[in-house]
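Trainee:
In this note's numbering, the protein residues as written are 193 to 327.
(1) State buried or exposed for residue 231, treating a residue as buried only when at least 16 other CB atoms are found within 10 Å of its CB.
(2) So, residue 256 versus residue 248, is the Cβ gap smaller than 7 Å?
(3) Helix, strand or coil: how does DSSP classify residue 282 here?
(4) I'd like the list of long-range same chain contacts for residue 276, defined as Cβ closer than 7 Å, with 5 residues on each side in sequence excluded.
(5) Buried or exposed for residue 274, please, with buried defined as at least 16 other CB atoms from any protein chain shown within 10 angstroms of its CB.
(6) Residue 223 CB to nearest chain C CB: under 7 Å?
(7) Are residue 254 and residue 215 touching if we call contact CB-CB under 7 Å?
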């Protein structure tokens, strides 16, 4: 309350709380909080600010965890494009977004697309964790 709900420190704390909830398995509450943080960062910082993109990436990871794959894919495509515009295609943030996108695509059974993004085959662990394509 002292700093205000849109102050950068407040947004960092709100994002940290959402991350903690996500790690504790409280994915739906984490999703709601990440959505709130993302909306505020978009309003205050703009779409292509690195902190906004990080918030979008965090929300996408939660959407992945809750099996809301199409939403996660759409968000991660935007995050990846934003990071590439800001930092370049080979920057670690861009590569992280690419890996996260590939993980969601693999979970959806779209392994060929994931392979095209990363240039490598999914590991045995990713198949075991996410399963084969469901029909």
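For glycine and all other residues, C-beta sits at the position ideal for the given N, C-alpha and C.
Mentor: Considering the structure as presented:
(1) exposed
(2) no
(3) coil
(4) 286
(5) buried
(6) Any reference to chain C falls outside this structure, which holds one protein chain only.
(7) no
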